[in-house]
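Novice:
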Amino acid sequence: MSAYGVDPCEKCEEMMQDYLDRELTEAEMRTAESHLDTCSYCRRRYRFEVSLRRYIRTAASEQMPVELKAKLAALRIELQ
Amino acid sequence: MSEPTSAQTRRLAEEARDRVRFEEEALELSDQVYRVARHLVGSREAAEELVQETYVRAFRSWQQYTPGTNLRAWLLRILTNLNIDRGRRQQRAPQTTSLDEKGDYYLYDKLEEREGGPLDEERVIERLSQDSIVDALAHVPHDFRDVLVLVDIGEFSYADTAQILDIPIGTVMSRLHRARRILKGELAEEVAK
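Protein chains in written order, with the working numbering: chain A, 1 to 80; chain B, 1001 to 1193.
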């Protein structure tokens, strides 16, 4: 049995979001990485989470309208 | 009126230079500020208005910004405060019991079930349309969405997000985890249609 205790995959699922956010401690990162190295079930889900986050970021990114940019630049002058 | 001394003149010149530098740096960040604003409020028009108000406030109170600190977080703090002040969001405690919340792997498992085997992650994700992502985000309740948008779209750390929203870091983490689960639950419903 690994350092995770009775259910390493359940523990890995719990840590996954913080792992992806790089918010785990060094020791926790190592524990998560060693599990992902050996568990294809969690590794597939990890890769999916990475792709999903990237996709959400891209899909939700909307260009700022050019007119708004011009309005913001004009505020500098108006407020002086 | 007496003539300003050379020290006063120098100070005024320095202040003018600092102000211009602040304004230029703030304007360079406007795309990133808009990207976050767009998903904090319901419509494009409301987002544009909110960003303009943020910059009016920022340009007026530029001297309150400490050079060398995170200007993007400072601007977002103004923006989220204005968003709350203007009552564009409901002032209520986060819902804690009625959300239809699934596990972290729920979306993956749903998609795998549909595919009938292990997923090609990139290929299957591309089946989610841009609109479905935007709609799913809009369905996440405000308190959770604020955190999700700042971390996952604005790319702020937990600590910066806590500071921007003036909430404890533990609250950022718990809301973020729940927000992502809610979002994935919404997307799973979308792909099941």
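Built from N, CA and C at the ideal position, the CB exists for glycine as well.
Run the CB neighbour count on residue 1008 (chain B), radius 10 Å, all protein chains shown included, and call it buried at 16 or more, exposed below.
Specialist: exposed
Novice: Hey, residue 71 (chain A) and residue 1052 (chain B) are a contact pair by Cβ (cut 8 Å); roughly how many whole angstroms apart?
Specialist: Separation of the CB atoms of residue 71 (chain A) and residue 1052 (chain B) is rounded to 6 Å, and the pair is thereby assigned contact status at 8 Å.
Novice: Assign residue 62 (chain A) to one of three DSSP states: helix, strand, or coil.
Specialist: For residue 62 (chain A), the secondary structure class from DSSP, reduced to helix, strand or coil, is coil.
Novice: Return the CA-CA distance between residue 42 (chain A) and residue 13 (chain A), expressed in angstroms with no decimal places.
Specialist: In a straight line, the C-alpha of residue 42 (chain A) is about 8 Å away from that of residue 13 (chain A).
Novice: Pick from B:1166, B:1063, B:1161 and B:1077: whose alpha carbon is nearest that of residue 1017 (chain B)?
Specialist: The shortest Cα separation from residue 1017 (chain B) among B:1166, B:1063, B:1161 and B:1077 belongs to B:1063.
Novice: Does the beta carbon of residue 64 (chain A) come closer than 7 Å to any beta carbon on chain B?
Specialist: yes
Novice: Counting contacts by CB-CB distance shorter than 7 Å, is residue 76 (chain A) in contact with chain B?
Specialist: yes
Novice: Note down, in chain order, every chain A residue with its Cβ under 7 Å from the Cβ of residue 1038 (chain B).
Specialist: Result: 62.
Novice: Does any residue of chain B bring its CB to less than 7 Å from the CB of residue 16 (chain A)?
Specialist: yes
Novice: Buried or exposed: which applies to residue 17 (chain A), given that a residue is buried once 16 or more other Cβ atoms fall within 10 Å of its Cβ?
Specialist: buried
Novice: Let me confirm a value: residue 1020 (chain B) is counted as buried when at least 16 other C-beta atoms fall within 10 Å, else exposed. Which label applies?
Specialist: exposed
Novice: Return the CA-CA distance between residue 1042 (chain B) and residue 1026 (chain B), expressed in angstroms with no decimal places.
Specialist: The alpha-carbon atoms of residue 1042 (chain B) and residue 1026 (chain B) are separated by roughly 24 Å.
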